[in-house]
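> Reminder that position 411 of the first sequence reads as 411 in the numbering used here, one-by-one numbering, no gaps. Where is the CB? At the ideal position from N, CA and C, for every residue including glycine. Here it is, the structure, as structure tokens.
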Amino acid sequence: MTIPYDPHSIEAKWQQYWMDHQTFASSIDRQKPKFYVLDMFPYPSGAGLHVGHPKGYIATDVISRYKRMRGFNVLHPMGWDAFGLPAEQYAIETGTHPRETTQKNIQNFKRQFQSLGMDYDWSREIDTTDPAYVRWTQWIFRKLYEKGLAYLAEVPVNWCPALGTVLANEEVQDGKSERGGHPVVRVPLRQWMLRITAYADRLIEDLDVLDWPEPIKKMQREWVGRSEGAQIFFEVCGRDGDRIEVFTTRPDTLFGSTYLVLAPEHPLVKEVTTLEQRVAVEAYVGEVSRRSDRARMAEFGKKTGVFTGGYVLHPVLGTKLPIWIADYVLATYGTGAIMAVPAHDTRDYEFAKTFSLPIIEVVAGGETDTAAFTGEGVSMNSDFLNGLATPQAKTQMIDWLEAHNKGAKTVNYKLRDWLFSRQRYWGEPFPVIHLEDGTTKVVPESDLPVLLPELDDFRPSGEFEPPLARAQEWKEVIDPETKQRAIRDANTMPQWAGSCWYYLRFCDPSNQEAPLSIEAERYWMPVDLYVGGAEHAVLHLLYARFWHKVLFDLGIVHTNEPFQKLLNPGMILGYSYRYYDNNLSDDPSVTPRICPSSDIVFEGETAVHKESREEMKARWVTANDVRWNEQSQPIHPTIDSIVLEEVTEKMSKSRGNVVNPDDVIEEYGTDALRLYEMFMGPLDKGAPWSSESIPGMYRFLQRAYRLIKGDGNEEHSLAPLVDGTGTTEQARLTARTIQGVTHDIETMGLNTAISKLMVFARDIAKTDSLPRVSAESFVRLLAPFAPHMAEELWEMLGHSTTVAWQSWPDYDPALLVSEEMTIPLQVNGKLRSKIQVPADWTKEQVVEQAQQDTKLQELLQGNAPRKVIYVEKKLVNFVV
RNA sequence: GCGGGAGUGGCGGAAUCGGCAGACGCACAGGACUUAAAAUCCUGCGCCCGCAAGGGCAUACGGGUUCAAUUCCCGUCUCCCGCACCA
């Protein structure tokens, strides 16, 4: 009997060792190449980590440990994006100060990270709510303000009356708040905006040099949405000097323009509306402003609008074109007005059909009787453009417009300026005061940070006023320069602010003089590998790039991009179990009628019973409560006849499909958990979690343990080792494993790297001895994946220093070349036999040998093959 | 609707400069050890026919190119993700 592998004592021992010896502390070392590997900044939520979260963190840990062993000076830090709404909501519900909740959650997260055996340099831990950090976030805001990139403007925001706060776009889903599902309305408020649009072109162009997943780059390009075209001016009939400017990407179709459309909010709507049309126009504008986004979405594609009674003059032809208003034209894009070319724009076409407006074909190539033709072609019915291909026609038209002062070439972006203020408590205050005379000033550098006032009540006041506005003493100040009375800006920054530059702070986390030193920045930046969820594709990653470029222009950073390589780990999914009932209002007093999913059909989004047509609501059964019948079908906890529907989806509390890593570690240890998460499949692909697979990882670890420890049961026993490399067979196996594992880590194939380690452990155990070189190579290869086990085995092998700083094993490439090769023999492409031949045989020798094969002779029956195909060292195929 | 990605055993997955499909792991079955169980170890394990030897069929579906296709081309279906009146 061997002493079984006990993960708990081993893991506790080495985690303690790493902490005591500060094994992973990093500092600038110019003798070594640096490698900065970073995980996306976690928000320390109250729920803690579930097994889905660590996937990316474990991957960076493997890479970080690997790179260290390859001689890199590794920076692998961790910190907390700790401002945010949940702590504030909790404060409102319970009165607990968000700082308290946040600290508690951070402690829990940190404990979980440590129990995962991460090699973070904890001396660099940062927390965005720490005044020492807030100070520099505000300092950067000052820079933005000084550069004219931060400004106040009145813009419509998402106001949630039930929560009493403004919400970010990403916190609103289908017109309801993400938290609680309360209605959200749009109201205009004076807000801080950041001029991200000034960087639009650079945000697109600089993507080219980044090693990021192509889909993410594409999403960013589309989000910025650059489009080139022209502005064209249309004189309004009967109103001297008034002109309507439209934006179009197809100036070549100007001759096909048959009417103009303004957004209902366009400033000239009132001016161009005639007396007769006023009632209709006002009714329409009113209706549109009341219509929620949700309602608009439901009616997608349906065109509504009203004629204003006004006309413009066609800039070339001088003919009269009617002006309409319609909500398919957006006030916030371009000029809020379009020239409609129904023959060549799908939306205009639908609108023209709905309101019987004329359609004139001006680009040949489509069937404009049945649909708009939006492709390129040759211009027709277009005066001086006739016969020109679309690109030439565009240039020609722009030249004409510019020459006649009726338009100009322009570029437009979908990207809007970034709404940067929130009416909340738990965020960075703006370092801004508003003076009595109406001017706005930033707080001088020497007075930073501006800290949050202490409040007892974190509730918003209800009427758009941020909670900070109630802190009288805090709010009222005297401007030291002018001695005027002033009030502090009561808004706070959104959560994104802290995560826009945290990766810089990690380079130099306790600097009191600057956000970070030039020296640290020049050494560590840029981030070499950045790992985090694709859900941040356009938000965090765009915001951080924007700030980084501003800091680049200020000379604070020396690269124009912060994150060189980006990787998105796929999501780990959970199984949830569903049935339906008719208790739509969740009334606890009624006894609902329940049914399995198989009785449900969908009418649009609504689930209804397939016979009674009654509307039903989905119910979820926690995985623990699910029972299994004899046919291995999941069934309802109390009702046998209800077979549950198994759904794989994102882990979440409400679905009852969350697996806590603490439980897995308790049962099998961290190394098994780490191995499983990496072994599940390719890093960037999602896969359902299956706890049943973890014992397999545990068994592998146990085999590895026994391999080194041998059969002795004393505490310090060691398998009998043979000095040196052992037999050729053993040396080959070892070399092949080193080569394979190294290659797989380099290409991020961590799942196949692990399988190669398993093959090694299996095959080396079949040989009758264990060479020291094989044992020590294996332990080092294992170290990035199962660091605790590797440390323990390394110690067993007689070493007194950590394996984390050992060099990565090497091998002799000559060992990879074998003396023999197996050649499959095919007849008509089908595998029929195999032969074993010396590796250096020529085609003739191999084919000759192949024809001697009895199996093959049987099949060929003496007939000469029509053709013989030999693939160098791969196979022989006889075509008959 | 548009754009992107993906469909391989009971399950997670491996193999793509076209060249032995199913590495590795889970589950399952049989065996060894044990008084017994657990643990551990060994063996088997795509489907169909066959006692076996062997053969046939198989990488979502239907075609095509090729000596050879999971891999390349055309079409269809399904799932996931992103965008959604951006002129």
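Would you identify the three-state DSSP class for HIS53, choosing helix, strand or coil?
It is coil, neither helix nor strand.
> Closest to LEU733 by C-alpha separation, out of VAL722, GLY117 and LYS756, would be which residue?
Ranking VAL722, GLY117 and LYS756 by Cα distance to LEU733 puts LYS756 first.
> Taking buried to mean at least 16 other C-beta atoms within 10 Å of its own C-beta, is THR2 buried or exposed?
Confidence at THR2 is low in this model, with a pLDDT of 47, below 50, so its placement is unreliable and no value can be given for it.
> Once DSSP output is grouped into helix, strand and coil, what is the label at PRO813?
PRO813 falls in the helix class under three-state DSSP.
> Does the structure place the region 111-128 close enough to the region 400-412 that three or more beta carbon pairs sit under 8 Å?
No: the two stretches stay apart, fewer than three of their Cβ pairs being nearer than 8 Å.
> In the DSSP output, what is SER931 paired with across the bridge?
The structure shown has nothing for residue 931, since the chain only spans 1 to 880.
> For SER576, which residues does DSSP report across the bridge?
DSSP, once it has assigned bridges, lists VAL647 as partnering SER576.
> With respect to the beta strand (DSSP E) encompassing HIS609, which residues constitute its N-terminal and C-terminal limits?
Start and end: 606-609.
> Would DSSP call ASP456 helix, strand or coil?
Three-state result, ASP456: coil.
> Any idea what DSSP makes of MET1, helix, strand or coil?
Residue confidence is low: MET1 scores 39 on pLDDT, short of 50, so the model does not pin down where it sits. Its coordinate-derived value is still stated next. Coil, per DSSP.
> Bridge partners of THR440, per DSSP?
The partner list for THR440 (beta bridge, DSSP) reads HIS434.
> Span of the beta strand (DSSP E) holding TYR151?
150-160 is the span of the beta strand (DSSP E), which, as asked, contains TYR151.
> Taking the alpha helix (DSSP H) that TYR259 belongs to, which residues open and close that run?
Here TYR259 belongs to no alpha helix (DSSP H); instead the beta strand (DSSP E) covers 259-262.
> Could you pull out every unbroken alpha helix (DSSP H) segment of at least 4 residues lying fully inside the region 196-251, listed in chain order?
Qualifying alpha helix (DSSP H) stretches, in chain order: 200-205 and 214-224.
> Is the separation between the beta-carbon of THR559 and that of PRO509 shorter than 8 Å?
No, Cβ-Cβ distance for THR559 and PRO509 is not below 8 Å.
> Counting only runs that start and end within the region 78-163, where is the beta strand (DSSP E) found for 3 or more residues in a row?
Segments of the beta strand (DSSP E) lying fully in the region 78-163: 150-160.
> Entirely within the region 693-734 and at least 4 residues each: give me those alpha helix (DSSP H) ranges in chain order.
List check, alpha helix (DSSP H) in window: 694-709.
> Measuring only the C-alpha atoms, how far is LYS270 from PRO562?
Cα to Cα, LYS270 sits roughly 48 Å from PRO562.
> Among the residues of its own chain, which have a CB less than 6 Å from the CB of TRP212, if the five just before and after it don't count?
Cβ within range, chain order: LEU566.
> For a quick check, are the C-beta atoms of GLN220 and LEU207 less than 8 Å apart?
Going by C-beta atoms, GLN220 is nearer than 8 Å to LEU207.
> Report yes or no: do three or more beta-carbon pairs, one from the region 237-253 and one from the region 337-351, lie closer than 8 Å?
Yes, since at least three Cβ pairs between the region 237-253 and the region 337-351 fall closer than 8 Å, the two stretches touch.
> Just mark HIS314 as buried or exposed, buried being the case when its beta carbon has 16 or more other beta carbons within 10 Å.
It counts as buried.
> Can you say whether VAL876 is buried or exposed, counting buried as having 16 or more other CB atoms within 10 angstroms of its CB?
Looking at its Cβ environment, which holds 16 or more other Cβ atoms inside 10 Å, VAL876 is buried.
> Go ahead and pull the three-state DSSP assignment for GLN16.
Here GLN16 sits in helix by DSSP.
> Measuring CA to CA, which of LEU451, TYR811, GLY696 and LEU721 is closest to VAL741?
If we check each option's Cα against that of VAL741, TYR811 comes out closest.
> Let me check understanding here. Comparing Cα to Cα, which of ILE823, ALA364, LEU144 and LYS143 lies closest to THR958?
Residue 958 lies beyond the residue range present for the chain, which begins at 1 and ends at 880; the question has no answer from this structure.
> Under 8 Å by Cβ, that's how I've got ARG578 and ALA618 pegged, so tell me the actual separation to the nearest angstrom.
With 8 Å as the limit, ARG578 and ALA618 qualify as a contact, their Cβ atoms being about 5 Å apart.
> Whether or not the region 39-59 and the region 6-22 are in contact is what I'm after, with contact meaning three or more pairs of Cβ atoms, one per stretch, closer than 8 Å; do they touch?
In short, these stretches do not touch, since the Cβ pair count stays below three.
> For PRO661, which three-state DSSP category applies?
If DSSP states are grouped into helix, strand and coil, PRO661 belongs with the helices.
> Excluding the 5 residues flanking TRP808 on each side, which residues of the same chain have their C-beta closer than 6 Å to its C-beta?
For TRP808, where only same-chain residues beyond five positions count, the Cβ hits under 6 Å are MET69 and ARG70.
> So, is VAL879 buried or exposed, given that buried needs 16 or more other C-beta atoms within 10 angstroms?
Burial call: exposed.
> Only counting the same chain, and skipping five residues up and downstream in sequence, which positions put a Cβ closer than 7 Å to that of LEU167?
Excluding residues within five positions, the ones whose Cβ falls inside 7 Å are ASN158, CYS160, SER177 and VAL184.
> Checking the sheet assignment: what are the DSSP bridge partners for PHE760?
According to DSSP, which records beta bridges pairwise, PHE760 is partnered with nothing at all.
> Which term fits TRP496, buried or exposed, when burial requires 16 or more other beta carbons within 10 angstroms of its beta carbon?
Buried, since its Cβ has 16 or more Cβ neighbours within 10 Å.
> Can you tell me whether DSSP reads GLN191 as helix, strand or coil?
Strand, per DSSP.
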